[in-house]
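Each remark here refers to the structure printed beneath this line.
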Amino acid sequence: MNGTFLKVMISGLLVVNTVLVVFVCNMVFALNQKVETLGAVATKSDLIALASPSIELASEGQCTRCHTERRFAGMPLDEEHRSVLLQQHVRSHNVPESEIEKIQASLTVFDYSSYLTKDMLQKMVLMTDDERMEVLLGIPEMTLDRARQVLKSYKMLLQM
């Protein structure tokens, strides 16, 4: 009886051991799959983008000496862009031509600041262009052409 009891105990322990080994192997396999998908979720450039400072208006320090929020409030976007273009011809402002495009991109995104908050702009960093377009097209009265302009401006601000 002792021999049979011992054989049953060893067989039982062997079955339990086998089940535990299979269970641990499945956990390791599942974890391995999750780790492999992390490469698609967070790339090095995504982490750099998250670590980058929040998007601010180009040359904000220079512009806000003369241009207050009140001055641009309610001004149509075309007039804002036209006034920026005129700045490069005024000698006392010293706005380099290379900065004009960045300033215009800032103003284009800033025009929708009531919808595109800083938090939303930071979330958009990790989105694909299609997802960004969905967000932009969700803004009331946003046309497809205008959404493309805003997306182009947003991408330019990310590269600053």
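Note that numbering that gives the first Met the number 0 numbers the sequence shown so that position 150 is 149, with each residue one more than the last. Here a beta-carbon is modelled for each residue, glycine too, at the ideal position from N, C-alpha and C.
Burial state of F8 (16 or more Cβ within 10 Å): In the sequence on display, residue 8 carries Met and not Phe. Burial call: exposed.
Distance, Cα to Cα, F28 vs P139? 47 Å
From N1 to S10, what distance separates their C-alpha atoms? 14 Å
Give the secondary structure of Y111 by DSSP, where H, G and I count as helix, E and B as strand, and everything else as coil. coil
Under the three-state DSSP convention, the category T17 falls into: helix
Neighbour-count burial assignment, Y114, 16 or more Cβ in a 10 Å radius: exposed
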